[in-house]
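Its first residue numbered 117, the sequence shown is counted upward by one per residue in our numbering. Think of the CB as a built atom: it goes at the ideal place given N, C-alpha and C, for glycine as much as any other residue. Every value quoted in this text rests on a predicted model; they were computed, and no experiment measured them. Here the structure comes first, spelled out in structure tokens, and everything after it is commentary.
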Amino acid sequence: MSLSLSENNFNLQKIADLLDGKINGDEKQEVKSLLPLDLAGKEDISFFYNKKFIDKLKTTKAKAVILEKEFEDLFHSNSIVVKDAHIAYAKLTQIFKDQIKKVGVNPSAVVESKNIDPSSYIGPNVIIEKGAVVGKNVKILGGVFVGSETKIEDDTLIYPNVSLYSKTKIGKKCIIHSNSVLGSDGLGFANKDDKWEKIEHLGIVNIKDEVEIGAGCTIDKSSTGETLINSGVKLDNQVHIAHNCVIGENSIIGAKTAIAGTTIVGKRCKIGGGCGIIDNIEICDDVTVTPMSFVTKSISSEGMYSGGSMLMEHKNWLKYSAKLNREIKK
117 MSLSLSENNF
127 NLQKIADLLD
137 GKINGDEKQE
147 VKSLLPLDLA
157 GKEDISFFYN
167 KKFIDKLKTT
177 KAKAVILEKE
187 FEDLFHSNSI
197 VVKDAHIAYA
207 KLTQIFKDQI
217 KKVGVNPSAV
227 VESKNIDPSS
237 YIGPNVIIEK
247 GAVVGKNVKI
257 LGGVFVGSET
267 KIEDDTLIYP
277 NVSLYSKTKI
287 GKKCIIHSNS
297 VLGSDGLGFA
307 NKDDKWEKIE
317 HLGIVNIKDE
327 VEIGAGCTID
337 KSSTGETLIN
347 SGVKLDNQVH
357 IAHNCVIGEN
367 SIIGAKTAIA
377 GTTIVGKRCK
387 IGGGCGIIDN
397 IEICDDVTVT
407 PMSFVTKSIS
417 SEGMYSGGSM
427 LMEHKNWLKY
437 SAKLNREIKK
């Protein structure tokens with residue numbers, strides 16, 4: 117079912133239908149915006165999925181609240197009861213998000229390619245080189261660079277100032293946030309006599325369907341072959357993925373994590389922020405790596421792994437470090 121409503125017609129019954137929910141109260145009521153419990157007013161809809169906020173649920177002034185069955189007796193106005201309130205909240209944000217409805221090519225754009233679907237939008241100062249292909253309902257916002265022979269499939273959204281090097285492939289329903297760079301050379305050099313000989317990168321970056329890439333991310337093209345980001349992957353801001361890496365389906369990676377070349381991350385992995393992962397290793401499916409961990413070897417069994425230092429008072433950290441050094445010297 118499509119998650120969309122007519123403009124200014126956020127009717128509770130329609131919202132409930134889209135969320136597969138059950139209404140308690142007046143299904144004809146309309147709401148104008150989505151806000152947290154403590155900020156919502158008489159024209160707003162809110163959401164509740166965390167028990168920490170029960171007090172806010174009891175005192176909210178929202179016209180309606182999305183919640184699960186076990187909590188419906190705690191709110192005595194209009195509610196939409198759903199199976200999973202967190203998932204329903206995610207879908208609700210999609211309903212309320214402003215949609216980019218523009219189509220066509222801005223006069224300031226430089227478009228050398230003839231393969232631009234007329235249903236798409238090309239924003240101001242965009243550059244699209246010869247041989248690039250832009251599919252249906254693609255939105256490319258201001259200042260984006262699209263290199264030659266790049267392919268962008270249907271319903272993808274690219275925010276301002278993204279750079280897509282030549283021959284990059286972007287799948288359907290992807291989102292790429294501002295200032296990300298896809299397809300730059302990786303750190304590839306051969307050393308002889310203390311000098312570095314550049315290894316030219318002849319491959320590509322291949323982004324599959326429904327991938328979201330945060331702001332300021334960098335994904336290097338492969339030296340040969342492809343750097344592959346599989347369907348459903350989500351990257352936070354400032355993630356770096358080096359040449360020839362493979363990221364498995366529906367994995368998620370936190371901000372400022374860097375993955376070195378030719379490393380493979382399996383399906384459904386959760387990599388916390390600030391992690392470092394060395395080159396030429398493999399992480400199996402269903403692995404969670406907690407933030408600030410340094411992964412130095414392959415992981416072959418699913419589960420949670422940690423490698424970062426915990427925060428403690430400085431005097432205790434000194435004692436901890438001294439004890440650790442003594443253990444190492446034994």
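1) Starting from the C-beta of ALA374, find all residues in its chain whose C-beta is less than 6 Å away, skip the five residues before and the five after it, and write them out in chain order.
2) Which residue spans inside the region 346-434 form an unbroken beta strand (DSSP E) run of at least 3?
3) Look at SER338 and HIS317 and say whether their C-beta atoms are less than 8 Å apart.
4) Taking Cβ to Cβ, would you say ILE182 is nearer than 8 Å to PHE163?
5) Taking the C-alpha atoms as reference points, what is the distance between ASN447 and PRO234?
6) What separation, rounded to the nearest whole angstrom, lies between the Cα atoms of HIS430 and MET408?
7) Mind listing, in chain order, the continuous beta strand (DSSP E) runs of no fewer than 3 residues lying wholly within the region 159-245?
8) Could you compute how far the alpha carbon of LYS130 sits from the alpha carbon of ILE211?
9) So what's ASP336 in DSSP terms, helix, strand or just coil?
10) Use the C-beta contact count for ILE203: other C-beta atoms within 10 angstroms, 16 or more gives buried, fewer gives exposed.
11) Measure the C-alpha to C-alpha separation of LYS148 and GLU159 and round it to an integer number of angstroms.
12) Starting from ALA248, follow the alpha helix (DSSP H) in both directions and report where the run begins and ends.
13) Does DSSP classify SER296 as helix, strand or coil?
14) Quick one: measure Cβ to Cβ for THR284 and THR272, integer angstroms, because I've assumed they're closer than 8 Å.
15) Pull up the DSSP beta-bridge partners for ILE286, would you.
16) What residues match up with SER279 in a beta bridge as DSSP calls it?
17) Bridge partners of LEU150, per DSSP?
18) Can you tell me whether DSSP reads ALA306 as helix, strand or coil?
19) Between SER279 and ALA331, is the Cβ-Cβ spacing less than 8 Å?
20) Going straight from the alpha carbon of LYS172 to that of GLY259, what length do you get?
21) To which residues of the same chain is GLY247 closer than 7 Å at the C-beta, ignoring the five residues directly before and after it?
22) Starting from the C-beta of LYS386, find all residues in its chain whose C-beta is less than 6 Å away, skip the five residues before and the five after it, and write them out in chain order.
23) Taking the alpha carbon of LEU135 as the reference point, which residue from ASP301, MET428 and LYS199 has its own alpha carbon closest?
24) Nearest to PRO152 by CA position, among GLU146, THR175 and GLY137, is which residue?
25) If we count the other Cβ atoms within 10 Å of its Cβ and call it buried at 16 or more, is LEU150 buried or exposed?
26) Can you tell which of GLY390, ILE363 and ALA371 has the C-alpha that lies nearest to the C-alpha of GLY377?
27) Are the CB atoms of LEU298 and TYR281 nearer to each other than 8 Å?
28) Am I right that THR406 and GLY388 are in contact with their C-beta atoms under 8 Å? What's the rounded C-beta distance?
29) Helix, strand or coil: how does DSSP classify GLU316 here?
30) Skipping 5 residues on each side, what residues in its chain have a beta carbon closer than 6 Å to that of ILE423?
Per the coordinate set shown:
1) HIS356 and GLY392
2) 403-405 and 419-421
3) yes
4) yes
5) Since the first and last residues shown for the chain are 117 and 446, residue 447 lies out of range.
6) 19 Å
7) 160-163, 180-184 and 194-198
8) 11 Å
9) strand
10) exposed
11) 6 Å
12) That residue, ALA248, is in no alpha helix (DSSP H); it is neither H nor E in DSSP.
13) coil
14) THR284 to THR272, Cβ: 12 Å. No contact.
15) ILE268 and ILE323
16) PHE261 and VAL297
17) ILE161
18) strand
19) no
20) 43 Å
21) SER229, SER264 and GLU265
22) ILE368 and THR404
23) LYS199
24) THR175
25) buried
26) ILE363
27) yes
28) 5 Å
29) coil
30) One detail in the question is off: residue 423 reads as Gly in this sequence, not Ile. Closer than 6 Å at the Cβ level, and outside the excluded window around GLY423, lie SER409 and PHE410.
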